[in-house]
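Chains as they are written, first to last, in the numbering used here: chain Z, 1 to 496; chain D, 1 to 611.
Glycine included, each C-beta is placed from N, C-alpha and C at the ideal position.
The next block holds one structure in the form of structure tokens; read it before the comments.
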Amino acid sequence: MLSAVIFLPLAAAAGVLLLPRLGGRAATRVWIAAAAADLLLVAVMWVRYEGGIGYETRMRWIPSVGAGYHVGVDGMSLPLIAMTALLFLVCAIYSLRETPRARAYAALFLSLQTVCLGLFAALDLLLFFVFFDLSIVGMYFVIAGWGHGDRLRSALKFFLYTFLGSLALLLGFIGLYLGSDPRTFDMVDLTHAPPFGDAPGTAGLVLLAVGVGLAVKTPTVPFHTWLPPAHTDAPAAGSAVLAGVLLKMGTYGFARIAMPMLPGAWQRHAWVFVVAGVAGVLYGALVALAQNDLKRLIAYTSVNHMGYVVLALGAAGLVAGDARARELAVSGAVTQMVSHGLVTGALFLLTGVLWDRARSYGLGGFGGIAATAPIFTGLTAVAAFASLGLPGLSGFIAEFQIFAGVIGIGTPGAVVAGALSVTGVLITAALLLRMLHRAYLGRPGELTPRVTDVRPEELAAVAPLLLLSLIIGIAPRWLLDMIEPASAAVVSLVGR
Amino acid sequence: MSVLAWLLPGLPVVSGGLLALTGHRVDRAAPTTAVAVAAVTLALAVLAAITRPQSSTTLFAGLRAGPAVDGLSAVMVVTVSTAALAVLVFAAGQIREDRGRFSGLMLLFTGAMLVTVTATDLVLLLMAWEVMGAMSYALIGFRWRDDHRVRSAGIAFVTTRTGDMGLYLAAGCALASAWSLDMAGLAGSARPWRDLIAAGIVAAALGKSAQLPFSFWLSRAMAGPSPVSALLHSATMVAAGAYLLLRAQPLLAATGWAAPLVAWAGALTALLLGAVAVAQSDLKQLLAASTCAQVGFMVLAAGVSSVAGGTAHLVAHAAVKSLLFLCAGAWLTALGTKDLTELHGAARRHRLVGITFAIGALALAGLPPLSLWVTKGSVLSAVAERSPPLYLVSLAAALLAAAYAARAVFAVWRPMDAGTRDGSEQPGTHRVDLLERLPLPVLALVAAAFGAVGPPAVFDAWRRLLGAPSEPGPGGGELLLSGALAIVVVLAVRDRALPAPRVLGEWLYLERAAVAVVWRPLTALARSLARFDDRVVDGAVRSVPRAGMAAARLAKRWGEAGADGAVRAVASGVAGLAALARRPQTGQVHTYFAQAAVGLVLLAVVIALVR
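Structural data, given as structure tokens:
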């Protein structure tokens, strides 16, 4: 069933490309239908999930190096898979209206969906790596083919930078392979018998390679500068997928690979990740505060939000502290991955509306949009408040768990790290309110008359994301019941 | 009756959310709906105050959270619901634009406050606390077309959120201490967690209730419509800070340092912001500064363990201040001004507003036998037992209250004169709607009569209702002294122009200081970090392909030339040798014969030599 979920979009992509008579609009319809079916299947998987590794499939692939087609889901990957399926569906709905070369676009996004779902389901390092690299290739074509502005340059920068990161990751994976006994790329086996238990130096080097590779993708400061141009020049749906799904591959890799497979090294170097997380939180928020371009601003808030995740995962390695607090922090990190996908996805789709109407992201050109586009403004305001962590929306549930968990660990360093990162919430509040004021409220700007209100398909794309954020913000138990066992497992694995 | 604990805040939150979401389509029905919801909420609040429901649920792994109504909460929910109902009735007569959005936000605002005062744990408290802040943002910036209102809303939200950071810290420390977010257990935490929790809670509360140094946001909050001010200054927002400190009084007392700190913060705010209020020339700004000062007495009460006195002051002040803001709002709509000089004679032109305003203002002045005289007296009696210097500061603050209240009441009651002017701020409607008048007498009655809580027997019952430990209650001597002084000050001040130094008129330059000390450096840092990010961090990344291209050019020039040169040299050498090798090939027999002869001779020589 899991493999069907993963490869259904790819099959649909093949169908879209092979049917020669298919028009652009019909292709998008097929895309929507496939994505909706996939989401439905994921929902069924969610309901029927029974704990542990669910829907596992294990087949021979390259037995000579101990790599297999091994997929399965647990409480950490299933929420991300569900979020991915939803985000791709709303991107399809969003693209319903006049996308150039719609057939190729639909096929590209459908294959990208297979890649993203496959990555979160992969339980084999080589399989993970293949999906990791293919996601870069897919996103390269999205930006280069359907972007705007200096799109070729941004796409190239994105590709080369993250590809370089993935090479470091491959180096780390080969290191893990060489350290395993018997030699294997299988993630479950590697987690069961972590390599380099008696070689801390080698384990540190392997963690360095894996860490750099994943840090580029996350992105963690200072490896983040590919992100703003990629976002600025990508089409709205591309930005939404890039921020919502692709960034999570980095943090998911930390929690799925680096922490359980290199527990000793993670514990010894936990402070590196805590510091990198706090740096990302503060640096991302401050740089975002100085942006005048809406998309760059949101891109830097992503750096800030992913900083919380890295902080929480790093803090999970501070084994001197309370294990319950570390579990809370990791639950917060996973919740943040889901929440950020929903909220930032919504924000990028909304900026796409702005570009569609006025061909600009400059905050200075707008003002008083609320007068011409009240629903659009309302949606943006809700998304902005969700992003700044207002209670009642998903961001708070995530960030509160991270702050309370990190501070609750109780060591002086953890308390200081937690207290410093709390100020990130304040800076994001200031910068998002400033954004709302400059573009949406106050006196009308020069470009404001061009901004008409959201169209039905745009509303249908954004509203589900915000609604889900609201539901998680008010009644998060259904999500946390899924996540908490998985985060407890991660914490106990990293505590070995 | 655990359902009631959720239903009480849930009703205004859900209906408010629906009203705010549906927007213009419900504009016509919105005010009625909002008033009906507020009325039902009040009934639920009374029911909750009697039945004391409680409920709890698991929010995060193993951490319980939920609302419960105890004595203090019972008083608060009834106060909040009453104030909300009064203000919504008034607003139904006054707000003419975007009624759906306005009513919805007001109900959400009220609902958030109801959750705040019933939360038994830090996370539910923090959630409601921040939602309340966000609703105040939306309401202050309600008329979003004016840049200055939106800016004021942003300043108010960011300033209060600065304090809110303390609650996040407190929650984390509570977990580190005892793995519980339950507020009742905080006082028993071990050090250093107890101190950190107390520090966080104090910061959050001082921020929310606009105490020093956060007071300036309340001046900014005046940018909202008058009904918003009436609610924000009486039973929500600023009251939430005071409530939290009263609730956390055992914790403050347990730390040893937090209680005196809070007491002094409250007393100094009462004194300094009282002086600021005296110096204002705008009625709403005067009332705003007086709110800071009066809330200062509640904060002071929490610091001196006068929970019953502080709560009584909170309730009485809620009635007084919502009344005064509604009156000011009625005049602003009718006469188009809120300038104290231009309002000369306003009370005579709209008598009911004038009379109720006078009752409220004289209560604010602390005149006997009105409510605030008694409630403030009970706080001051507790202070007198603790610390003489603190008492002197508080008494001086009480005298300033008499002064600013006297200025306001005499300004509106003197006859119309050359200063009177209509419509200087907005066109006046010259009428006060029936709905606007309706809540005024009710609030005035509470403002006048709530002092009935004062007599020892009643006060003792009040104290038991709140579950507060023993405290003195309003002492006879104290009441006599402060009452007499208030009368003297009111008669002495009347509406005489008092010295108004700029520093007081400008709210002690607090906002300017905050901008200069925090905001400007922060934005400057942000800009320089953004430049750093572009030039240094990304510059380093960009330099990688540049270095790669340079290396490629170098390789092209030297490496390529060298390697290719060697290949060419080999080729040309071979070609030269080939040319040489061609030369003997003449095609003539005699040359071949000669070559063969030479070869044979050489061969013979070699053989001879080798042997």
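Q: Please report the Cβ distance between residue 396/Z and residue 168/D, rounded to the nearest whole angstrom; I am assuming they are in contact, meaning their Cβ atoms lie under 8 angstroms.
A: No, residue 396/Z and residue 168/D are not in contact; Cβ-Cβ is about 10 angstroms, not under 8 angstroms.
Q: Ignoring anything shorter than 3 residues or poking outside the region 400–458 of chain D, list the beta strand (DSSP E) runs there in chain order.
A: Counting only runs that start and end inside the region 400–458 of chain D, there is no beta strand (DSSP E) element of at least 3 residues.
Q: Can you grab the Cα-Cα spacing for the pair residue 171/D / residue 293/D, in whole Å?
A: Between the alpha carbons of residue 171/D and residue 293/D lies a distance of about 29 angstroms.
Q: Note down, one range per segment and in chain order, each beta strand (DSSP E) of at least 3 residues found wholly within the region 261–332 of chain D.
A: Entirely contained in the region 261–332 of chain D, not one beta strand (DSSP E) run reaches 3 residues.
Q: Only counting runs of 4 or more residues, tell me where the alpha helix (DSSP H) segments fall wholly within the region 167–201 of chain Z, in order along the chain.
A: With a minimum length of 4 residues, the continuous alpha helix (DSSP H) runs that stay inside the region 167–201 of chain Z are 187–192.
Q | Spatial distance of residue 460/Z from residue 30/D (CA atoms) | A | Looking at the backbone, the Cα of residue 460/Z and that of residue 30/D are separated by about 26 angstroms.
Q) Using the rule of at least 16 other Cβ atoms within 10 Å of the residue's Cβ for burial, across every protein chain shown, is residue 97/D buried or exposed? A) Under this definition residue 97/D is an exposed residue.
Q: Compile a chain-ordered list of the residues in the region 432–451 of chain Z whose CB is closer than 9 angstroms to at least one CB of chain D.
A: Cβ contacts with chain D come from 433, 434, 436, 437, 440, 441, 442, 443, 444.
Q. If you check the beta carbons only, do residue 218/D and residue 430/Z fall under 9 angstroms apart?
A. Annotated as distal: residue 218/D and residue 430/Z, with beta-carbon spacing of 9 angstroms or more.
Q | 6 angstroms CB neighbourhood of residue 262/Z in its chain, flanking five on each side removed | A | Closer than 6 angstroms at Cβ, skipping near neighbours: 203, 207.
Q. Using the beta-carbon count (16 or more within 10 Å), is residue 454/Z buried or exposed?
A. With 16 or more other CB atoms across the displayed protein chains lying within 10 angstroms of its CB, residue 454/Z is buried.
Q. Between residue 105/Z and chain D, is there a C-beta pair that is closer than 9 angstroms?
A. Cβ-Cβ to chain D under 9 angstroms: no for residue 105/Z.
Q. Would you call the region 31–39 of chain D and the region 9–20 of chain D in contact, with 3 or more CB pairs under 8 angstroms?
A. The region 31–39 of chain D is in contact with the region 9–20 of chain D.
Q: Find out if the Cβ-Cβ distance for the pair residue 276/Z, residue 221/Z is shorter than 9 angstroms.
A: Against a cut-off of 9 angstroms, the Cβ pair of residue 221/Z and residue 276/Z comes out as a contact.
Q) How about residue 249/Z and residue 116/Z: do their beta carbons lie closer than 9 angstroms? A) With respect to the 9 angstroms criterion, residue 249/Z and residue 116/Z are classified as neighbours on the basis of their beta carbons.
Q: At 9 angstroms on the CB atoms, spell out the chain Z contacts of residue 126/D, in chain order.
A: Simply 391, 396, 400.
Q: Reducing DSSP to helix, strand and coil, say where residue 60/D ends up.
A: Strand, per DSSP.
Q) Which one of 265/Z, 146/Z, 152/Z has the shortest CA to CA distance from residue 199/Z? A) By alpha-carbon distance to residue 199/Z, the top candidate from 265/Z, 146/Z, 152/Z is 265/Z.
**Q.** Coarse secondary structure for residue 226/Z, derived from DSSP in three states
**A.** Residue 226/Z: coil per DSSP, three-state reduction.
**Q.** Contained beta strand (DSSP E) runs [length at least 3] in the region 457–531 of chain D, N- to C-terminal order
**A.** Taking only runs of at least 3 residues, no beta strand (DSSP E) segment lies wholly in the region 457–531 of chain D.
Q: Taking only the alpha-carbon atoms, compute the straight-line gap between residue 202/D and residue 519/D and give it to the nearest angstrom.
A: When rounded, the distance between both Cα atoms is 22 angstroms.
**Q.** the region 229–245 of chain D touching the region 113–120 of chain D, judged by at least three CB pairs closer than 8 angstroms
**A.** The region 229–245 of chain D vs the region 113–120 of chain D: in contact.
Q: Give a yes or no on whether the minimum CB-CB distance between residue 70/D and chain Z is below 9 angstroms.
A: Between residue 70/D and chain Z, the shortest Cβ-Cβ separation is not below 9 angstroms.
Q | With 16 other Cβ atoms within 10 Å as the buried cut-off, status of residue 197/D | A | With 16 or more other CB atoms across the displayed protein chains lying within 10 angstroms of its CB, residue 197/D is buried.
Q: Going by CA-CA distance only, name the one from 137/D, 27/D, 2/D that's closest to residue 385/Z.
A: Residue 385/Z has its Cα closest to that of 137/D, out of 137/D, 27/D, 2/D.
Q) Curious, which full-length alpha helix (DSSP H) runs of at least 4 residues does the region 313–357 of chain Z contain? A) No alpha helix (DSSP H) of 4 residues or more sits fully in the region 313–357 of chain Z.
Q. Quick one: what's residue 67/D bridged to in DSSP?
A. Among the bridge pairs identified by DSSP, residue 67/D is matched with 119/D.
Q) What residues in its chain sit with their C-beta under 7 angstroms from that of residue 168/Z, if we drop five residues either side in the sequence? A) Counting only Cβ-Cβ distances below 7 angstroms, and skipping sequence neighbours, we find 209, 212, 213.
Q.
Checking 9 angstroms against the spacing of the C-beta atoms, do residue 110/D and residue 251/D come in under that value?
A. It is not a contact, given that the beta carbons lie outside the stated cut-off.
Q) At what residue ranges does the region 86–149 of chain Z contain a whole run of the alpha helix (DSSP H), taking only runs of 4 or more? A) DSSP runs (the alpha helix (DSSP H)) wholly in the region 86–149 of chain Z: 102–121, 125–146.
Q.
Would the region 543–558 of chain D count as touching the region 182–189 of chain D if we require 3 or more Cβ pairs under 8 angstroms?
A. Flag = no, the region 543–558 of chain D and the region 182–189 of chain D do not touch.
Q: Report the residues of the region 192–216 of chain D with a CB closer than 9 angstroms to any CB of chain Z, ordered along the chain.
A: Under the 9 angstroms Cβ criterion, the region 192–216 of chain D contributes 193, 196.
Q. How close, in whole Å, do the beta carbons of residue 383/Z and residue 451/Z come, if the pair is a contact with beta carbons under 8 angstroms?
A. Actually they are not in contact, since the Cβ atoms of residue 383/Z and residue 451/Z sit about 16 angstroms apart, beyond 8 angstroms.
Q: Look at the Cβ atom of residue 38/Z, then the Cβ atom of residue 96/Z, and state whether they are nearer than 9 angstroms.
A: In this structure, residue 96/Z does not lie closer than 9 angstroms to residue 38/Z by Cβ.
Q) Thinking C-alpha only, which one of 294/Z, 50/Z, 24/Z, 55/Z is nearest residue 440/Z? A) Cα-wise, what sits closest to residue 440/Z is 294/Z.
Q: Select from 61/D, 315/D, 557/D, 50/D the residue whose C-alpha is nearest the C-alpha of residue 478/Z.
A: Checking every option, the nearest Cα to that of residue 478/Z belongs to 61/D.
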